[in-house]
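Please read the structure below before turning to the comments.
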Amino acid sequence: MRLLFAVALRAFPRAFRERFGAGMLDVMLADYDRARTRGRVQACVFVVATVLDAFAQGVCERIEPTWIDPEARARARRWQVKAVLEAWKRDFAFAARSLARAPGFTLVVVLTLALAIGANTAIFSVVKAVLLEPLPFPNADRLVHIGGTAPGTDLPEALGVPDELYFEYRESVPALEDLGLYGTGSSTTRVDDQVEQLFMTRATPSFFTTLGARPLLGRLPTDEDDESVVVLSHWMWQTWFGSDPAVVGRSYTFARETRTVIGVMGPEFRFPDERVAFWIALPIRAAQVTPGGFGPNVVARMAPGTKIAGLTAQLEPLPRRVQERLGGPAPYARIMERYRPIVTPLREHMVGKVARPLWILLGAVGIIFVIACANVANLFAVRAESRRRDLAVRRALGAGRGGLVRVQMAEALLLAVGGGIGGALIAWAGVPLLIRAAPDAVAGGFGSAPIPGLAEAGLDTTVLLFNAGASLLAACAFGLVPALRSSGAGLLASLRQSGRGVIGRATFTRDALVVVQIASAVVLLVGSALLVRSFWRLSNVDPGFDTEGIFTFQVAPDREFEDKAALSRFQYAFMDRLAAIPGVESVGFVTTLPLDEGAAEVFVTTPRLEASGAEPPPVRYAGAGGAYFQTMGIELLSGRYFERVEEEQGIPNVIISKSAAELLYPGEDPIGQQIRPVGVGGGDTWYTVIGVVEDVLLDDLRRESPEPMVYLPAVAGSPAYVVKSARADRLAPEVRAVIKEVIPESPMYRVFTMERLAANAMASLSFTMLMLIIAATLALILGAVGLYGVLSYRVERRTPEIGVRIALGAEGRVVRRMVVMQGGRVALVGVVVGVIAALGLTRFIETLLFGVEPLDAGTFAGMAIVMVAVALLASYIPALRASRVDPVVALRAE
Amino acid sequence: MSNSQAPAPLSSLEYHVLLALANGPLYGYALKEAIVEESGGALTPRAGSLYRVLARLMGWGFVEETAPTSPPEPHPGLERKYYALTRRGRDALREEAARLREAAVLAERRLGLAADEAR
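The listed protein sequences correspond, in order, to chains A and B.
So in the numbering used here, spot 874 of the first sequence is number 879, and the numbers just go up one at a time.
So in the numbering used here, spot 103 of the second sequence is number 322, and the numbers just go up one at a time.
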C-alpha cells in the first residue's frame, strides 16, 4: 500500500515531494489504517479516492505551484540581482573600454583627482587626529585650562596660577567641580645604569581626579602622599622598565631624589603632553603656601552646564580678594591687581597654535579640490559634447534618459574610483612626510611640545570614508551635470544638426568653470605670497646674536658647590676641556638660551631708584660666563666682558643690555654703576656694571622692542653651553665624550645648533608657507591647464570659421589676438573674482604674517599680474594653432 | 512573487488549518484530525489537498515548520515535521474570524428580520 501511495505522490513536483512527501505518506497510511477498521469496502473506496486526490493535486501543483522551495526562490532573486548587475557591468565595461580608448584624457583626469583627493585626505587625517579626535578623558568637553595674564606689568603675557589663588579657586568657585595644579620641567633621572634628562610633571592628587585618570597598575597619589611617590607614564614603563609590573613599589632616582613608583598610567594618558615621563606627587597645603609664584598651571573640570564666560566671571574678582587678604610687597600687589584669569578649553590649550595653520591648510586643499573638479568637469563637458551625436543615436534607438546618464556616470565613477585609490596612496605616502615637516616636530627635545595626536595621524576607517566621500563627491561634481545636460532635452535636435555643435549655454558653463579655477588660484597665490613675504622679513630680523656655526647643549653638574667661586671654577675647567676639542673657536654658557627657553624675570633696583622710592622695575636675567657674548656674536657697546679671574673669585660684576642701560641709567654712563636684584640669588649683594651689550630677542623674533636684560655671573643650575665652531653640526659625539669623562653622572640634553633653534622659531610660519606654496603652485598649474583646455577646444570647434576668416584674408596675427583676447577676458574675470575673495580671506592668516599687511596692495597686484600672465601664456598655444589653420583643410571638412 | 500575496477571504480549509494551529504546533496527521473535529466533520481533507494548502500558507508566511513543544510521542518511520502559526498567520486568522463573525451577524439579522415580517 505504501508503494501505491508513493507512486501516486510522484504526480507532485519534485521540490514539493522532497519537502512534504514524507508527511503526506504518513497521513495517508494513518487514514488507511483508520479506514480498514470500517471494513474492506470502505478501505478500497478510501484508497481509490486518496490516490485520485493525490494525483489530481499533484497535477494542479505542477500547473499552479503553491510551493517554491527557498533555495529556488533565492536562485530566482539572484537572477534578478544578476540582471541589474549585468546592466551595470555592461555600462562599466563600456565606460572602461571608452576610457581605455582615450588614455590621455583618463590619465590627466585620474592624476588631477588623485592629487586633489590625496591632498585632502592627507590633511584631513591630520586635522582629524589633532583637532577632531576627542581628548582621552571622560567628559572632556568640561575640562579647561586656567592660566592668567597681567597686562601692563612687564610679566610674560601668559602666566600661571599662584598657589594661593589656586586655593581660592578651590574654595570659592561653585562653577568648578574639581581642579588640579601642575608644573612641568625636566630633571635627571637614574635607573640602574641609565641616566637621562627627562620631561616630568609635578601634580597635585586632584590633577588626576580632575582628568578622571585611572592607573593601569598600582594607584594614583592621594592627599596623604608626599613628594616621594611617582606615577610612571606608559612609555617610560615600557622603555625603561620593560613593562615589568613588579616596578610598582620599587624606588629609583627620579628628579635627583629617591622616589617610589606607586602606579603606571595607560598609554592614552599623556598630559600635559606626550613627552611626560612621570608625574611626581605635589602635595600643597593651604597653610604652607608662599605667595607670588606665577609658574604653575591649573587644569579644571567645570560643573555641568557651566560656560567658559560664566566661569571667567566667577574667577575674575578673586586675585584682588586674595591680595587684599594676604598683603605682600608692592610689586606683588600691583601684579595681582592687574591679574586676569584666562580660561581655555583644554583641547584649545593643548593644540594651541597649530589649529590655525591646520584649518588654513584644509581650506587650501579644499580650494585645490574645487579647482580639480572644475578642471575635470570641463574636460568631461568637452568629451560629452563630442559624444553628443553618439548619445543622440542611442536615445533615438530607445535608450532612456536614465540609461544615458548611467553610461556617463559609469565613466565618472570609474575615474573617481581611480582618483580615490590614487589619492589614498598619495595620502598614505604623504602623511608621514607631513608629520615630519610639521612644526615643533623638528626640535624633538624638550624645547617645545609636540603637536598632540599628530603621531597618530594616518589612514584609518574614518579617513578612508572621507576619501571615498571625496571621490564620490568629485564624481557627482564633474560627472553629473555634463551627464544630465548632454542626455537631456535638445539632444535629439543635435541629430538634425551638422557636426558643428551649439555654442552658447555650454560655452558659458565652461567659461564659468575656468573663472572659478582662476579665482581660486588667485586666492592661494595671494595667501602664499603674503606668507613668503612674512617669512622673508622674519628671516631678516636681526635677533642681536649670530645663529651660524654655534653648537649648544645643556648639562647639569653632578655635584653641589659650596659657593659661587667654586661653581665658576668648575664651569671654567669644564669649558677648558670643550675648548680643547679641535675646531672649537670659543665656549661660553648662559642659564637661559635665546629662542629656546626665554629668560626668567627679576626686579632690580639702583641706588637712584631706591633713593627716589620708586618701585623696582622687572628685567629679564640670565647667568652668563666664559666667552658667551663673543661666541654668540652679541656686540659689546661699552665697558668690558666678564673675566675668568674675577668670576673664579666670586666678584659681583654684571653686564646689562642696551635697553636695560636706558631704563636704569637714563642719560648716564652705566659703567661702574651699582645694581641690585631684589629677592634672587645674592640677596642684598650690590653688583657693579662692567659692560653694556647689544639687545637680543629672547623668545620671539616678532617682538618689536627688545626686553631689558641683565647678565649675572655664576648662577647655579644647568646652563646651556654655546660652542662656536665651523663644525657645529657635528660636534655632539666629541662633546659627549668630554662630558662622560668630566661629569659622568650628568646627562647631556637639549642638543641643538642655534641655526636649528632659529628655524624652529619660524617653523609654524615656514610650514604653513611651504604648504600654501605647494597648493598655490598646483592651483596655478591646474588653472592654466583648465584655460588651455577650454580655449583649445573652442579653437577646434571654430576651425571652419577661422578657416573662412583666413581664406578671406585675415592675418595670423589678428587670429592669434582674437583667441588670446578671449582667454584673457575669462582670465580677467577670474582674477577680479579671486582678488575680491582674497580680500575677505587673507584675514585668516593675519596672525602668521609679519611685517606685511593682510591687504598688502603690492602683493595683490603682483599675484593678479602673475595669474593674468600665466593665463595669457596658456591662451597663446591654442591661438598659435588657430592662426595656422589651413583654410583648405578646414573648409573641406565642412 | 505571485503566491506571496494572500487573498482575502481565505478558503474554509485554509481557515481551518490556521484555526487548528492556533492551539499550538501540530504534525500532519494530528492537524488533519483537528480539522475534521473542529469543522464538525464538514471537512475531511485528503493528504494531497491538505499539504497543498499547507504549502500555500507557508508561502504566504502564515505557517512555519517548527520543533515540537513537547517531546513527540514515539512513532515508527520518519521523523514527523511540526507546523506552527506565525505572527502573520495569527493576524490573518483574526481578520478572517472577524469577517466570518460579521457575515454571521448579517445572516442572523436578516433571518431575524424575515421572521419579524412574517409575523
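We put the CB at the ideal spot given by N, CA and C, even for glycine.
Legend entry - Alpha carbon of Pro-334/A to alpha carbon of Gln-328/A, nearest angstrom: 10 Å
Legend entry - Opposing strand residues paired with Glu-606/A [DSSP bridges]: Arg-625/A
Inset, instruction - Taking only beta-carbon positions, decide if Gly-247/B is within less than 7 Å of chain A. - result: yes
Inset, instruction - Give the DSSP-derived three-state secondary structure of Arg-755/A in the structure shown. - result: strand
Legend entry - Contact the stretch 248-255 of chain A vs the stretch 426-434 of chain A: 3+ CB pairs below 8 Å: no
Inset, instruction - Please work out which residues of its chain come closer than 7 Å, Cβ to Cβ, to Arg-361/A, disregarding the five sequence neighbours upstream and downstream, and give them in chain order. - result: Thr-852
Inset, instruction - Express the C-alpha separation of Tyr-626/A and Asn-658/A in angstroms, rounding to a whole number. - result: 14 Å
Inset, instruction - Assuming Leu-312/B contacts Ala-241/B (C-beta within less than 8 Å), just tell me the rounded distance between them. - result: 6 Å
Inset, instruction - From the DSSP output, in three-state form, read off Tyr-670/A for me. - result: coil
Legend entry - Local Cβ density within 10 Å of Pro-587/A, reported as buried at 16 or more and exposed below that: exposed
Legend entry - Segment contact, 8 Å Cβ cut-off, at least three pairs: the stretch 630-646 of chain A with the stretch 786-800 of chain A: no
Inset, instruction - With DSSP as the reference, label Pro-272/A as helix, strand or coil. - result: coil
Inset, instruction - Tell me whether Met-6/A sits in a helix, a strand or coil according to DSSP, three-state version. - result: coil
Legend entry - chain B residues whose Cβ lies nearer than 7 Å to that of Thr-71/A: Asn-222, Arg-271, Ala-274, Arg-275, Gly-278
Legend entry - Pairwise C-alpha distance: Val-135/A and Val-356/A: 7 Å
Legend entry - Cross-chain neighbours of Ala-266/B in chain A, by beta carbon under 7 Å: Met-29, Val-32, Met-33, Thr-55, Ala-59
Inset, instruction - Return yes when at least one heavy atom of the ligand MG lies under 6 Å from the C-beta of Arg-707/A, else no. - result: Only the bare structure without any ligand can be found here, which leaves the ligand MG out of the picture.
Legend entry - Spatial distance of Val-837/A from Ala-524/A (CA atoms): 7 Å
Inset, instruction - Give the residues of chain B in contact with Gly-315/A, contact being defined as C-beta atoms less than 8 Å apart. - result: Here the premise fails: no neighbours, minimum Cβ distance about 55 Å.
Inset, instruction - Compute the distance between the beta-carbons of Leu-530/A and Met-868/A, then report whether it is under 7 Å. - result: yes
Legend entry - Any chain B beta carbon closer than 7 Å to Glu-66/A: yes
Legend entry - Expected contact under 8 Å - CB spacing of Val-64/A and Ala-16/A to nearest Å: 6 Å
Legend entry - Within-7 Å CB hit, Phe-51/A to chain B: no
Inset, instruction - Establish whether the CB of Gln-62/A and some CB of chain B are separated by less than 7 Å. - result: yes
Inset, instruction - Could you check if Phe-299/A is buried or exposed, using at least 16 other CB atoms within 10 Å of its CB as the buried criterion? - result: buried
Legend entry - Phe-21/A: contacting residues in chain B (beta-carbon distance under 9 Å): Tyr-270, Arg-271, Ala-274
Legend entry - Option nearest Tyr-646/A by Cα separation, candidates Pro-671/A, Thr-782/A, Thr-693/A: Thr-693/A
Legend entry - For Ile-807/A and Pro-883/A, the rounded distance between their alpha carbons: 12 Å
Legend entry - Boundaries (first-last residue) of the alpha helix (DSSP H) holding Ala-208/A: That residue, Ala-208/A, is in no alpha helix (DSSP H); its beta strand (DSSP E) goes 199-208.
Legend entry - Element boundaries [alpha helix (DSSP H), containing Phe-471/A]: 466-480
Inset, instruction - Would you identify the three-state DSSP class for Lys-663/A, choosing helix, strand or coil? - result: helix
Legend entry - Under 7 Å between C-beta atoms of Gly-185/A and Arg-207/A: no
Inset, instruction - Give the DSSP-derived three-state secondary structure of Ser-233/A in the structure shown. - result: coil
Legend entry - Against chain B: residues of the stretch 234-249 of chain A by CB proximity under 9 Å: none
Legend entry - First through last residue of the alpha helix (DSSP H) which encompasses Val-926/A: Residue 926/A lies beyond the stretch modelled for chain A, which goes from 6 to 899, so this question has no answer here.
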